[in-house]
Amino acid sequence: MSTNNPFNPFANVDFGKFDFSKFDMSKMLGDVKIPGFDMQAVMDAQRKNIEALTAANQAAVQGMQAVAQRQAEILSQSMNEVSSIAQQLAGAGNPQEMTAKQAELVRKAFEQALANMRELAEMVSKSNTEAFAIINKRVTESLQELKGLVTPKQG
């Protein structure tokens, strides 16, 4: 749809044919000269922000991968325990002995489930804390950089 619109110059551009790989925002904005405003510092700050977000995302992904791996290990252990329990119950003699074994096995399974949940929760918490620390550090740095940009230079 290439109708000429004299009121909106952007309506005449086919953005589907625009090559964004040749578009350098930092060069374009670097040519903008605003008195007392350091465009390069702003571009550097944005680059650092993106790097911090990337690092935080990587930390979060690594943490979730560790949690998923641990969950798979827990599942494997649980399946082995179920097999062992079935063998133990099959070897039980009288009903009282079987009931006592069942109660003991249920207690152990419950305690193990709680321990596993606690371990997984701690892993998730640690992962989130690491990712948050990366972003928190960058926010603190960013505020200091902003303060340096806004504070008038003495001299």
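Each residue of the sequence shown is one higher than the one before, starting from 3 at the first, in our numbering. Every residue, glycine too, gets a C-beta built ideally from N, C-alpha and C.
Between Arg140 and Ala13, the C-beta gap is not smaller than 9 Å, which leaves the two residues out of contact. When secondary structure is reduced to three states using DSSP, Phe9 falls in the coil class, being assigned neither helix nor strand.
At a Cβ-Cβ threshold of 9 Å, Ala133 and Asn59 count as neighbours. In this structure, the beta-carbon distance from Leu122 to Arg49 does not fall below 9 Å. Excluding the 5 residues flanking it on each side, Ile137 has same chain C-beta neighbours closer than 8 Å at Ala54, Leu55 and Ala58, in chain order.
Spatial neighbours of Asn7 in its own chain (CB-CB distance under 7 Å, excluding positions within 5 residues in sequence) are listed in chain order as Ala13 and Asn14. Note that the C-beta distance between Ala47 and Ser144 is below 9 Å. Of the residues assessed, Ser129 falls on the buried side of the cut-off, its CB having 16 or more other CB atoms within 10 angstroms. Ala70 and Lys19 have their C-alpha atoms spaced approximately 43 Å apart.
Between the alpha carbons of Leu77 and Glu147 lies a distance of about 48 Å.
It is roughly 13 Å from the alpha-carbon of Met119 to the alpha-carbon of Glu75. For Gly65, the number of other beta carbons within 10 angstroms of its own is at least 16, and it is reported as buried. When the beta-carbon positions are compared, Leu107 and Ile87 come within less than 9 Å of each other. Our two residues, Met81 and Asn51, have alpha carbons roughly 45 Å apart in a direct line.
According to the DSSP assignment, Lys139 belongs to the alpha helix (DSSP H) that extends over Pro97 to Val152. No Cβ-Cβ contact shorter than 9 Å links Leu151 with Ala68.
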